[in-house]
Amino acid sequence: MTNSGPNTTNPHDQNRAPGGSSAGSASAVANFQVPLSIETQTGDTVIHPASFTGIFAMKSTHNTISPEDQKICSITVDAVGFFARSIEDLQLVVNVFALKDDEPSRDISLKEARVAFMKTPMWHCAGSGTIVAMEKAAIIFERYGVEVERVSFAPEFDDVEILKRMHNTVTNSDAQAAFLREYRMDKTKLDLEICSIVQNSSNYTRKEIL
């Protein structure tokens, strides 16, 4: 909802999209304009642009990094993330924010590794190229001794429309509060979509939100 503005192009191919609402940050990193960037993920606004622009991204676990001085959209789901051109650069950022794993990392052989192959409820939207690439990746893993486990979502999470409605209810409710100040100060400077959210044009009820 906050990605309105001049079009950002993909530095690898100007005819291709650079991803979601953190596309500007991702393109700047990919195009060597900046070494690192910081953003928040509400939906897929960290992992999406990174995959489209060919850079590395890390989304922190919710609430492990304070969003202070960042404009958040949803206090419920927003998590701070980073873009970089290398894993080593991301490791530097991790050290700056004093992030730690729950368990110490250790080296394992490929035969000890396990990989989950999960077809999300959006799998039916995947293009043939994506499907072939995913299947090929699973075959390569198995060829080198990695255990590939095909996992499915529980039935109650199979309905895409229900999941979208639930996510939008939470994020839009949070965004109403997040952008209320700017709306009251000068709504003419806000994108129409943000104004619509603050006005609750989708008519989310208090019962749905709770």
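Using UniProt numbering, read the sequence shown as starting at 1 and increasing by one per residue. Virtual Cβ for every residue (Gly too), placed ideally from N, Cα, C. Given the structure is predicted, the values throughout are model-derived calculations rather than measurements.
Local Cβ density within 10 Å of residue i, reported as buried at 16 or more and exposed below that
{"i": "F32", "result": "exposed"}
{"i": "N63", "result": "exposed"}
{"i": "E39", "result": "buried"}
{"i": "S22", "result": "buried"}
{"i": "residue 214", "result": "No information on residue 214 is available, as it lies outside the stretch 1 to 210 that the chain covers here."}
{"i": "V151", "result": "exposed"}
{"i": "A98", "result": "exposed"}
Span separating the alpha-carbon of residue i from that of residue j
{"i": "D107", "j": "F83", "result": "25 Å"}
{"i": "G20", "j": "V77", "result": "17 Å"}
{"i": "I209", "j": "G145", "result": "46 Å"}
{"i": "T61", "j": "K100", "result": "11 Å"}
{"i": "residue 239", "j": "M166", "result": "In the structure as shown, the chain begins at 1 and stops at 210. Residue 239 is therefore absent and cannot be evaluated."}
{"i": "E149", "j": "I139", "result": "12 Å"}
Rounded Cβ spacing between residue i and residue j (contact assumed at less than 8 Å)
{"i": "R16", "j": "N7", "result": "Their Cβ separation, rounded to whole angstroms, is 12 Å, which puts R16 and N7 out of contact at 8 Å."}
{"i": "I65", "j": "V46", "result": "Not really, about 12 Å apart at Cβ, beyond 8 Å."}
{"i": "V160", "j": "Q176", "result": "Contact flag wrong, Cβ pair sits at about 24 Å."}
Pair within 9 Å by beta-carbon distance, residue i and residue j
{"i": "G54", "j": "A30", "result": "yes"}
{"i": "T188", "j": "F153", "result": "no"}
{"i": "D89", "j": "P35", "result": "yes"}
{"i": "M118", "j": "A126", "result": "no"}
{"i": "S37", "j": "S51", "result": "no"}
{"i": "N200", "j": "N172", "result": "yes"}
{"i": "A137", "j": "K71", "result": "no"}
{"i": "A113", "j": "E147", "result": "yes"}
{"i": "Y204", "j": "I194", "result": "no"}
{"i": "V94", "j": "M58", "result": "yes"}
Contact test: residue i Cβ vs the ligand NAP heavy atom, cutoff 8 Å
{"i": "I38", "result": "No copy of the ligand NAP occurs in the structure displayed, which carries no ligand at all."}
Practice problem: Would you mind listing the alpha helix (DSSP H) stretches within the UniProt domain "Amidase" (7-155) that are 4+ residues and don't spill past its ends, in chain order? | Solution: 23-30, 47-53, 87-96 and 128-143
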